[in-house]
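Numbering (this note's numbering), first residue to last: 359 to 638. Backbone N, C-alpha and C define an ideal beta-carbon position, used for all residues, glycine too. A quick write-up on the structure given underneath.
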Ligand code: GLN
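If you want it as structure tokens, here you go:
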């Protein structure tokens with residue numbers, strides 16, 4: 359079978375299984391199988407596909423038909439200015455989180471040297487994007503997931519920022535190392551009972567550890583705020599991603615820990631998503 363026919367057949371299977379962009383996804387999976395970009399597919403549509411490649415392609419189509427996100431099948435996701443390696447142990451980078459980067463870049467436009475801590479680094483997409491934009495900044499990332507730290511490390515090498523990054527496997531409560539000019543975090547903030555109402559493929563395929571914010575959705579946010587108030591330098595900034603309905607509660611938690619609220623910022627879907635504050 360040639361490449362083009364395999365893509366068409368793959369797309370048909372995806373369509374029958376109500377996958378949103380069947381032809382595009384089929385192309386992306388084919389590109390992954392033969393390790394080429396999508397442009398190659400267009401120019402080589404008549405090239406014969408080896409059996410082993412066809413089998414691999416059909417396996418990926420089956421997995422995609424069952425709803426597995428394309429990022430987990432290709433092990434990559436574009437975010438901000440770079441392509442990141444992801445695995446099913448990391449949350450897939452969301453465009454909504456890019457507001458955290460925008461805010462940090464705005465806050466640090468005239469800074470020469472900064473020490474940044476990210477609590478819950480995941481794939482590394484947020485901190486590493488910042489380190490790539492600001493060549494003289496240093497980063498520390500912590501996570502309780504060793505798999506996430508491994509992926510962050512690979513991404514740091516890929517983005518050529520690994521010499522400026524330290525990684526620690528640690529629970530937020532237990533981490534006591536250093537003082538930071540800037541702290542960022544996108545902690546799990548979904549209310550436990552609401553996990554089942556997320557897009558079904560988020561719940562089914564993405565790590566609960568990165569989503570589950572406990573009974574009221576704030577259990578990890580509380581720990582992150584408390585720890586940040588200890589690890590941040592005076593006048594340091596804290597940039598936190600939150601759930602769309604958590605603004606008021608989080609503001610009061612922040613104030614209690616001695617933070618001044620600078621701004622609440624909306625994501626691309628116009629939901630409150632990111633709080634910028636300063637330790638006073
Ligand atoms: N924004 C993510 C989602 O809605 C949740 C991320 C998080 O809990 N930090 O799927």
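### Query
Using CA coordinates, which residue listed in 392, 634, 589, 493 is at the minimum distance from residue 432?
392
#### Entry: Neighbourhood of residue 538 by C-beta, 8 Å cutoff - its chain only, sequence neighbours within 5 removed
473, 474, 475, 498, 589, 590, 591, 594
### Task
Quick one: using the 10 Å Cβ neighbour count with 16 as the cut-off for buried, is residue 525 buried or exposed?
buried
### Task
Would you identify the three-state DSSP class for residue 452, choosing helix, strand or coil?
coil
### Query
Quick one: does the C-beta of residue 548 sit closer than 7 Å to a heavy atom of the ligand GLN?
yes
### Task
For the beta strand (DSSP E) holding residue 610, just list the boundary residues, first then last.
Residue 610 -> not in any beta strand (DSSP E); alpha helix (DSSP H) instead, spanning 605-614.
### Query
residue 547: buried (16+ other C-beta within 10 angstroms of its C-beta) or exposed?
Its Cβ being crowded by 16 or more others within 10 Å, residue 547 is buried.
### Task
Could you tell me the distance, in whole angstroms, from the CA atom of residue 603 to the CA atom of residue 629?
8 Å
### Query
Cα-Cα, which of 361, 481, 571 is closest to residue 404?
361
### Backbone CA spacing between residue 559 and residue 424 [nearest angstrom]
Near 9 Å, if we compare the C-alpha coordinates of residue 424 and residue 559.
### Query
Do residue 576 and residue 633 have their CB atoms nearer than 8 Å?
no
### Task
Between the Cα of residue 570 and those of 600, 381, 631, spot the shortest distance and give me the residue it belongs to.
600
#### Entry: Reduced DSSP secondary structure (H/G/I, E/B, other) of residue 540
strand
### Task
Tell me, to the nearest whole angstrom, how far the beta carbon of residue 368 is from that of residue 419; I am working on the premise that it is less than 8 Å.
4 Å
### Backbone secondary structure at residue 442 - three-state DSSP
strand
### Query
Whose C-alpha, out of 545, 444, 553, is nearest the C-alpha of residue 458?
545
### Message
With three or more C-beta pairs closer than 8 Å as the rule, is the region 440-451 touching the region 608-624?
### Response
no
### Message
Which same chain residues end up closer than 8 Å to residue 519 when comparing Cβ atoms and leaving out the 5 residues on each side of it in sequence?
### Response
Excluding positions up to five away in sequence, the list reads 486, 489, 490, 497.
### Query
Is residue 561 helix, strand or coil by DSSP?
helix
### Task
Answer yes or no: the CB of residue 599 versus the heavy atoms of the ligand GLN, is any distance below 7 Å?
yes
### Task
Along the beta strand (DSSP E) that carries residue 621, what are the first and last residues, could you check?
617-624
### Message
Looking at the ligand GLN, does it come within less than 7 Å of residue 452, judged from the CB to the closest heavy atom?
### Response
Answer for residue 452: yes, Cβ within range of the ligand GLN.
### Heavy atom of the ligand GLN within 7 Å of residue 560 beta-carbon
The answer is yes for residue 560.
### Query
Which residues bound the beta strand (DSSP E) around residue 598?
590-599
### Query
Name the DSSP bridge partner or partners of residue 434?
443
### Query
Is any heavy atom in the ligand GLN found nearer than 7 Å to the beta carbon of residue 545?
Yes.
### Task
Using 10 angstroms around the beta-carbon of residue 596, count the other beta-carbons present and answer buried if the total reaches 16, otherwise exposed.
buried
#### Entry: Beta carbon of residue 541 nearer than 8 Å to that of residue 586
Yes, the pair counts as a contact, with Cβ atoms nearer than the cut-off.
### Query
What is the rounded straight-line gap between the Cα of residue 373 and the Cα of residue 574?
38 Å
### Query
Would you say residue 635 and residue 612 are within 8 Å of each other, going by their C-beta atoms?
Yes.
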